[in-house]
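Student: Keeping their order, the protein sequence lines are chains P and B.
Take 1 as the starting number for the first sequence in our numbering and just add one per residue.
Take 206 as the starting number for the second sequence in our numbering and just add one per residue.
Number of protein chains: 2
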Amino acid sequence: MAPRKKPATKYHHGDLRAALLSAAWTAVTKKGLESLSLRSLAETLGVSHAAPAHHFKDRNALLEALRAEAFRRFADAIEAGAKTGELDGMGVSYIRFAMEHPRQMQLMLREGETELGPEVMEQSMRAWQVLVSAVATQIGPTRAADERELHSMALATWAMVHGLAGLWTQVRLPPGVPKSGPDAEGLQRRAIATLLAGVAHPPRR
Amino acid sequence: MAPRKKPATKYHHGDLRAALLSAAWTAVTKKGLESLSLRSLAETLGVSHAAPAHHFKDRNALLEALRAEAFRRFADAIEAGAKTGELDGMGVSYIRFAMEHPRQMQLMLREGETELGPEVMEQSMRAWQVLVSAVATQIGPTRAADERELHSMALATWAMVHGLAGLWTQVRLPPGVPKSGPDAEGLQRRAIATLLAGVAHPPRR
DNA sequence: TCGTCGAACTTGTCATTGCCCAGATTCCTA
DNA sequence: TAGGAATCTGGGCAATGACAAGTTCGACGA
Chain P
1 MAPRKKPATK YHHGDLRAAL LSAAWTAVTK KGLESLSLRS LAETLGVSHA APAHHFKDRN
61 ALLEALRAEA FRRFADAIEA GAKTGELDGM GVSYIRFAME HPRQMQLMLR EGETELGPEV
121 MEQSMRAWQV LVSAVATQIG PTRAADEREL HSMALATWAM VHGLAGLWTQ VRLPPGVPKS
181 GPDAEGLQRR AIATLLAGVA HPPRR
Chain B
206 MAPRKKPATK YHHGDLRAAL LSAAWTAVTK KGLESLSLRS LAETLGVSHA APAHHFKDRN
266 ALLEALRAEA FRRFADAIEA GAKTGELDGM GVSYIRFAME HPRQMQLMLR EGETELGPEV
326 MEQSMRAWQV LVSAVATQIG PTRAADEREL HSMALATWAM VHGLAGLWTQ VRLPPGVPKS
386 GPDAEGLQRR AIATLLAGVA HPPRR
């Protein structure tokens, strides 16, 4: 039977750590990072205000774990988007993830107040590898053999999709620019296509 | 002489509002947004903990004023960078501002928890206009006459520089990518140039 | 079987912070 | 110069993160 039974009256919660992470994820999704409080989480889960401290050293430790989870899902999304072999598809996945999880994106991007955990490093490197190989396919084996060229183009592509994601999730776009829907996606695809045209006809160095 | 004299013993501070803004700016630069507290600001300036409330309704109001200041300086930087007429130069100014003021950038980008103030709107529209006219110069009057085309290219350019700025200020870049210095700027310029090549040879719609 | 030991959780407490209120002080204008 | 408005002070409240010391529970070994 279930190794973790949690009758309401039980002293031990069963799996408080996982429960905290899950509750924190939805809380961040709904109310944002700032308003996430350990005490309110504890109350939600019906444990005392000090209970979370036994699973996360402090608030930042919880956020770090959340960030790892976000990176994991993000890398998954990128990888799935690249399955088609189209660089374009990966970019769209990137942007879509950002638009669907803006708060998590914000969490992922918070500049290193704490060192990045190994989990986060691993997942972000995974995403980077996916990007690089998609770009390699795009530019063909000859150019891809030049590692400087390859990385340069990968960085440009990354910047483009990252920028598009940032514009749509964080910036108040000028009037007339569609916030969402097929028009928005069309604009984004067009921007990516423009970059890819530049990648195909690279500027003289 | 100085219209704002502030002997230590004076009951009225003289220009507490400006002093708060200035102190907040440097505090954000040094310690980041999160750790900015009204009470510590008040203590720094030698006033009581409730004094700031008479100049800023609440913490968010102070942040909004700070944000307006940031946008003002940002728009100035963009405008100066575009003076050369080179789209390229504007992009570099954009990225440089972000790299020199990462915390302010973070403040500027916080998605609208509060409505954007008129000052912020005005300054960001100013920056957008500068961008659009730089792009118009880039693509020539014929293509620029098509407003859809013009805005589309402007958006792509914006996304590129915005993305580059984000990568360098918020993201842990893969090993081998220079964090700063001429090499970093070279990579950024190369990415922009690649996009501009695409802008010059637009993909078929 | 039983003791004991550690992990999980509790209550209690403290410092910090944002915000509100009542009152004191100073400034300015009519 | 009188009175009102702006500015600032001090006190206080509730929420929060962090810490300390005690309590419950379960597992493991003698």
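All C-beta atoms in this analysis are idealised placements derived from N, C-alpha and C, irrespective of residue type, glycine included.
Could you name the residues of chain B that residue 142/P contacts, counting a contact when the two beta carbons are closer than 8 Å?
Tutor: The premise fails here: residue 142/P is roughly 17 Å from chain B at the closest Cβ pair, so nothing lies under 8 Å.
Student: With 9 Å set as the bound, which would you pick, yes or no: does the beta-carbon of residue 365/B sit closer than that to a beta-carbon of chain P?
Tutor: Residue 365/B counts as touching chain P.
Student: On the premise that residue 197/P lies in contact with residue 407/B, defined as a C-beta separation below 8 Å, what is that separation, rounded to the nearest angstrom?
Tutor: Between residue 197/P and residue 407/B the Cβ distance is about 6 Å, and since that is below 8 Å, they are a contact.
Student: Should residue 270/B and residue 246/B be called a contact, given that it needs their Cβ atoms to be closer than 9 Å?
Tutor: Cβ distance not < 9 Å, so residue 270/B and residue 246/B don't count as in contact.
Student: Against residue 152/P, what residues of chain B qualify as contacts under a CB-to-CB distance less than 7 Å, listed in chain order?
Tutor: Neighbours of residue 152/P on chain B, chain order: 392, 395.
Student: Give the C-beta separation of residue 295/B and residue 339/B to the nearest angstrom, bearing in mind that I take them to be a contact with Cβ-Cβ under 8 Å.
Tutor: Confirmed, about 5 Å.
Student: Cα-Cα, which of 175/P, 155/P, 148/P is closest to residue 356/B?
Tutor: Looking at the Cα atoms, 175/P is the closest of the given residues.
Student: Residue 101/P: buried (16+ other C-beta within 10 angstroms of its C-beta) or exposed?
Tutor: With 16 or more other Cβ atoms within 10 Å, it is buried.
Student: Answer yes if the segment 260-268 of chain B comes into contact with the segment 286-295 of chain B, meaning at least three C-beta pairs across the two stretches below 8 Å, and no otherwise.
Tutor: With a cut-off of 8 Å, the segment 260-268 of chain B and the segment 286-295 of chain B do not count as touching, because too few Cβ pairs lie within range.
Student: Spell out whether any CB of chain P is found under 9 Å from the CB atom of residue 381/B.
Tutor: Yes, contact with chain P.
Student: Is residue 145/P buried or exposed, if buried means 16 or more other CB atoms sit within 10 Å of its CB?
Tutor: Under this definition residue 145/P is an exposed residue.
Student: Listing by chain order, which chain B residues have their CB less than 7 Å from the CB of residue 201/P?
Tutor: What residue 201/P touches in chain B: 402, 406.
Student: Measure the alpha-carbon distance for residue 9/P versus residue 46/P and round it to whole angstroms.
Tutor: Legend: pLDDT at residue 9/P = 48, less than 50; position of this residue unreliable, value from coordinates given subsequently. Going from the Cα of residue 9/P to the Cα of residue 46/P covers about 10 Å.
Student: Pick out the complete alpha helix (DSSP H) segments inside the segment 94-149 of chain P, 4 residues or longer, and give them in chain order.
Tutor: For the segment 94-149 of chain P, whole alpha helix (DSSP H) runs of length 4 or above, ordered along the chain, are 102-109, 118-144.
Student: At a Cβ cut of 7 Å, what residues of the segment 224-243 of chain B count as close to chain P, listed as they run along the chain?
Tutor: If the cut-off is 7 Å between Cβ atoms, the segment 224-243 of chain B has nothing near chain P.
Student: Mind checking whether residue 303/B and residue 373/B have CB atoms under 9 Å apart?
Tutor: Contact: yes.
Student: Could you give the distance in angstroms between the alpha-carbon of residue 207/P and the alpha-carbon of residue 43/P?
Tutor: Residue 207/P lies beyond the residue range present for chain P, which begins at 1 and ends at 205; the question has no answer from this structure.
Student: Following the continuous alpha helix (DSSP H) through residue 279/B, name the residue where it begins and the one where it ends.
Tutor: From DSSP, the alpha helix (DSSP H) with residue 279/B extends over 264-287.
Student: What separation, rounded to the nearest whole angstrom, lies between the Cα atoms of residue 370/B and residue 299/B?
Tutor: Rounded to the nearest angstrom, the two C-alpha atoms are 7 Å apart.
Student: On the three-pair Cβ rule with 8 Å, is the segment 389-401 of chain B touching the segment 177-187 of chain P?
Tutor: Touching, no, given that fewer than three Cβ pairs across the two stretches are closer than 8 Å.
Student: Would residue 308/B and residue 399/B be called neighbours here (beta carbons separated by less than 9 Å)?
Tutor: Result no, Cβ atoms of residue 308/B and residue 399/B do not sit closer than 9 Å.
Student: Report the neighbours of residue 290/B on chain P: residues whose CB is nearer than 7 Å to its CB, in chain order.
Tutor: Those do not exist, as residue 290/B stays about 18 Å from chain P at its closest Cβ, beyond 7 Å.
Student: Could you tell me whether the Cβ of residue 163/P comes closer than 9 Å to any Cβ of chain B?
Tutor: Closer than 9 Å to some Cβ of chain B, the Cβ of residue 163/P qualifies, so yes.
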